[in-house]
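Structure first, then comments.
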Amino acid sequence: MLLLQLFAIIAACPYMVVAPRPPRGGASTSNSGPSVPIECPEGEWYWAAKNVCLPKGMPANPDPVPFGNQCPPYWYWHQNGYCAPSRIQHINKKCRPEYGRDPVGIWCEPRRSCKCDQHEWRWKARNICLLRQGPPIEHIGPIPDGYKCPREWYWHRILQHCVPISPEQQRQFCPPGYERISFRCEPLRTIAAHRAAPIQTTLPIPTALNACPEGEWYWEAARKCIPLGGLDTAPPARLGFACPEGWYWHLNHHCAPRRPENLGAPCPDGYKWDGAVFVCEPVGDSDVWN
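Under mature numbering (1 follows the signal peptide of the UniProt record, and there is no 0), residues -19 to -1, 1 to 271 are what the sequence shown spells out, in order.
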C-alpha cells in the first residue's frame, strides 16, 4: 500500500518525494542563514543570490529538473536543489512564457493548477501537493539560525522554507517580532534595517555635539528625534492601519515607538509590519500563506 502511494505522489504535481543528491561542491544551503560573499577558485564565478561559486559555462551532464518543471534559458538544475545560471551574463534570464517563476525563485513551473490525488492536499501558495498524513521525515530539516516558522509549520529541507503540516494550519502567523519573507519568518529589526526609508524631518540628525532636545530620543530607523513617551494618538480608522503595542500615531502619519524599549514590538493579530512606512497593515489571504 505504501509503495502504491509513493508512485501516486511521483506521478502527481511537484511534490518533493526524492531529495536531491548531496552537494558535489560549492556552498551548501541546507542549514545556513544569511551569509557573506565567498572567494571563488579559478574557473568559477560568484553568484550572490545563493552565495555559491558556479562553474563558468553549462555543465556537460546537468541533472534533469524534477517534477515537470524547467529552468530559464541558459540555466541548469544545480546539485543543491535549484536552478542556476551557466554564466554571469545570464542571471537575468526569465522563464519561458508558458512557465512562471515559483514564489521563491527555485525553478520555472507550468502555469497550471496542481491536481492532487486523494492522499494529498494542494497548498495554493506554492502550487504543490503535500501528503495529508504529514511530511516524510527526510523532508523535515532544522530551521537555520535567524529564521523561525509559524506554529504547526516545519522547515522543508528541499524547498528551504517553512511549510504547513496540514491544510488546517495554513493561516498561521509568524511568531511575535517576526515577519514573513519568502515563506520564512525573519526578525522585524532585520527587515526594518533593509526596508526603512528616510522620513523627511526638520530636526537635525543628532551627533555627539548636537543631541536630541530634552524629553526626546533619537529613533535610528526613521532618522529623527521623537518625544519620549509619545502621544495618545491612534491611526485614523479610515486608513485601516494599526500600530504595534507600545507605539502611537506620529504627526508625520506613521507609527512610532513611545520609548526605545518598545522597538521590535509585534503588530496586533491580523496585521503585518511594513518597515518602509512604519505601519501595521491588514493581513490579506496571500499574507497568511493559504
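Every residue, glycine too, gets a C-beta built ideally from N, C-alpha and C. Predicted model, so just to flag it, every value in this text is computed and none were measured.
| query | Taking C-beta to C-beta, are HIS137 and ARG165 nearer than 7 Å? | reply | no
| message | Can you check which of these residues, ILE72, TRP28, GLY227 and TYR135, is closest to LEU244 by C-alpha distance? | response | GLY227
| query | Which stretch, first to last residue, makes up the beta strand (DSSP E) that contains TRP88? | reply | From DSSP, TRP88 is part of no beta strand (DSSP E); its letter is neither H nor E.
| By Cβ distance, which residues of its chain are closer than 6 Å to ASP44, with the 5 residues on each side in sequence left out? | TRP58
| field | Start and end residues, beta strand (DSSP E) containing ILE162 | value | 159 to 162
| request: Could you pull the start and end residues of the beta strand (DSSP E) that GLY81 belongs to? | output: 80 to 82
| request: Given a cut-off of 7 Å, decide if ALA218 and TRP230 are closer than it, judged by their beta-carbon atoms. | output: no
| request: Go ahead and pull the three-state DSSP assignment for ALA65. | output: strand
| said: What does the Cβ neighbour count give for LEU212, buried or exposed, with the cut at 16 atoms within 10 Å? | reply: exposed
| message | What does the alpha-carbon distance come out to for the pair ALA223 and GLU133? | response | 26 Å
| said: What would DSSP say about ALA218, mapped onto helix, strand or coil? | reply: helix
| task | Please confirm whether ASN50 and GLU20 have their CB atoms less than 7 Å apart. | result | no
| message | Looking only at its chain, what residues have a beta carbon closer than 6 Å to the beta carbon of LEU(-16), apart from the 5 residues adjacent to it on each side? | response | Residue placement at LEU(-16) is flagged as unreliable, the pLDDT there being 43, under the threshold of 50; a coordinate-derived value is accordingly withheld.
| query | What do you get for LYS253, buried or exposed, if any count of 16 or more other CB atoms within 10 angstroms of its CB means buried? | reply | buried
| request: Return helix, strand or coil for PRO247, following the three-state DSSP convention. | output: coil
| said: Applying the 10 Å Cβ sphere with the 16-neighbour rule, what's the burial state of ALA246? | reply: buried
| said: Considering only the alpha carbon of each residue, which of GLN60, ASP98 and PRO66 lies closest to PRO54? | reply: PRO66
| message | Does the distance between the C-beta of GLU20 and the nearest non-hydrogen atom of the ligand GTP fall short of 6 Å? | response | Only the bare structure without any ligand can be found here, which leaves the ligand GTP out of the picture.
| Residues in its own chain within less than 7 Å of ILE186 by CB, not counting five upstream and five downstream? | Below a pLDDT of 50, predicted positions are generally treated as unreliable, and ILE186, at 42, falls in that range; no measurement from the model is reported.
| Does the Cβ-Cβ distance between GLY62 and ILE109 come in under 7 Å? | no
| task | Give the straight-line distance between the Cα atoms of LEU35 and TRP88, rounded to the nearest whole angstrom. | result | 17 Å
| Rounded C-alpha distance that separates GLY122 from TYR135 | 8 Å
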